[in-house]
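Enquirer: Our numbering numbers the first residue of the sequence shown as 27 and each following residue consecutively.
Glycine is no exception: its CB is placed at the ideal position from the N, C-alpha and C atoms.
Owing to the predicted nature of the structure, the values given are computational and were not obtained by experimental measurement.
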Amino acid sequence: MMCGLAIVAALTFSSCATIFGGTRHTFTVNSYPGDAKLVITNKKGREVFNGNTPANVRLKSGAGYFSPEEYTVKFTKPGFEELTVPIHFKLNGWYFGNILIGGAIGMLIVDPLTGGMWKVGNADKQIYKTLKPQGATAPSLTIIDVKHVDEGMKEQLVKIN
27 MMCGLAIVAA LTFSSCATIF GGTRHTFTVN SYPGDAKLVI TNKKGREVFN
77 GNTPANVRLK SGAGYFSPEE YTVKFTKPGF EELTVPIHFK LNGWYFGNIL
127 IGGAIGMLIV DPLTGGMWKV GNADKQIYKT LKPQGATAPS LTIIDVKHVD
177 EGMKEQLVKI N
C-alpha cells in the first residue's frame with residue numbers, strides 16, 4: 027500500500043510545468059465590430075468552439091505526447107472580410123524545473139502527456155481584431171515630381187518646407 031501511495035505521489039507532484047503552468051489556458055476573443063461569428067479549430071481540423079464575439083474560451087495546450095496544440099481562430103461577419111488568426115503554443119520554462127524537482131517522471135511522462143510543457147504568453151491570450159469591410163481599399167499616397175503635374179493643377183499646389 028505504501029509503495030502504491032508513493033507512486034501516486036511521485037506522479038502527482040513531479041511535473042513542474044503541469045503544476046505551475048497548467049494544461050488549459052483561457053483566451054479572451056473580441057472583434058470590432060462585435061457579434062462576429064467565431065469558430066476555433068485545432069490542428070486536426072476539429073471544431074473546438076463555435077460562437078460569437080466577445081467570448082472567453084479555454085483551450086488545451088497539448089495535442090498528445092510531446093506535441094503542442096495549434097488552433098485557428100476564424101472571424102466572419104456579413105459585409106466584412108473573413109479573418110483568420112493562428113494560436114501557437116511554445117515550450118514552458120517550468121518544464122525544465124523537472125531537472126531540479128520533478129525528475130524523469132515529470133520530464134518524460136507527466137508534462138509531455140498532459141500538455142503542461144506547452145504555454146502561450148499572457149499577451150497572446152487577448153485576441154482583439156478589427157474586421158475590414160468587404161471591398162475596402164487601404165488609403166494610398168502617390169508622390170510625383172512637380173515636373174509631371176499639369177499646368178492647371180500647379181495653381182492648386184501648396185509648397186511644403
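Taking a contact to mean a Cβ-Cβ separation below 8 angstroms, would you say Asn187 touches Lys145 in this structure?
Expert: It is not a contact, given that the beta carbons lie outside the stated cut-off.
Enquirer: Which residue spans inside the region 57–137 form an unbroken beta strand (DSSP E) run of at least 3?
Expert: Counting only runs of 3 or more, we get 63–68, 73–78, 81–86, 88–90, 96–102 and 109–114.
Enquirer: Go ahead and pull the three-state DSSP assignment for Ile170.
Expert: It is coil, neither helix nor strand.
Enquirer: Just to confirm before moving on: does the CB-CB distance between Tyr91 and Leu157 stay below 8 angstroms?
Expert: No. Outside cutoff.
Enquirer: One question on the structure: do Pro159 and Phe106 come within less than 8 angstroms of each other, judged by their Cβ atoms?
Expert: Yes; because the gap between Cβ atoms is below 8 angstroms, this pair is in contact.
Enquirer: When we look at the beta-carbon of Ala62 and count the other beta-carbons within 10 Å, is it buried (16 or more) or exposed?
Expert: Under this definition Ala62 is a buried residue.
Enquirer: Quick check: what's the CA-CA separation for Leu64 versus Gly77?
Expert: If I take the Cα positions, the gap works out to 5 angstroms.
Enquirer: If you count every other CB in all the chains shown that lies within 10 Å of the CB of Asp137, and 16 or more means buried, which is it?
Expert: Buried, because 16 or more other Cβ atoms sit within 10 Å of the Cβ of Asp137.
Enquirer: Under 8 angstroms by Cβ, that's how I've got His51 and Arg84 pegged, so tell me the actual separation to the nearest angstrom.
Expert: Contact flag correct, Cβ pair sits at about 7 angstroms.
Enquirer: In chain order, what residues of the same chain lie with their CB nearer than 8 angstroms to the CB of Lys89, ignoring the 5 residues before and after it?
Expert: Residue identity differs from the one stated: residue 89 is Ala in this sequence, not Lys. Taken in chain order, the residues that qualify are Asn68, Lys69, Lys70, Glu95, Glu96 and Gly141.
Enquirer: Tell me whether Asn82 is buried or exposed, calling it buried when 16 or more other Cβ atoms sit within 10 Å of its Cβ.
Expert: Exposed: under 16 other Cβ atoms inside 10 Å.
Enquirer: Between which two residues does the beta strand (DSSP E) carrying Lys155 extend?
Expert: Taken as a continuous stretch (DSSP letters only), the beta strand (DSSP E) holding Lys155 covers Gln152 to Thr156.
Enquirer: Would you list the one or two residues that DSSP bridges to Thr54?
Expert: For Thr54, which the question treats as bridged, DSSP gives the partners Asn82 and Gln152.
Enquirer: Using CA atoms only, rank isn't needed, just tell me which of Gly132, Pro104 and Met133 is closest to Pro59.
Expert: Per the Cα distances, Pro104.
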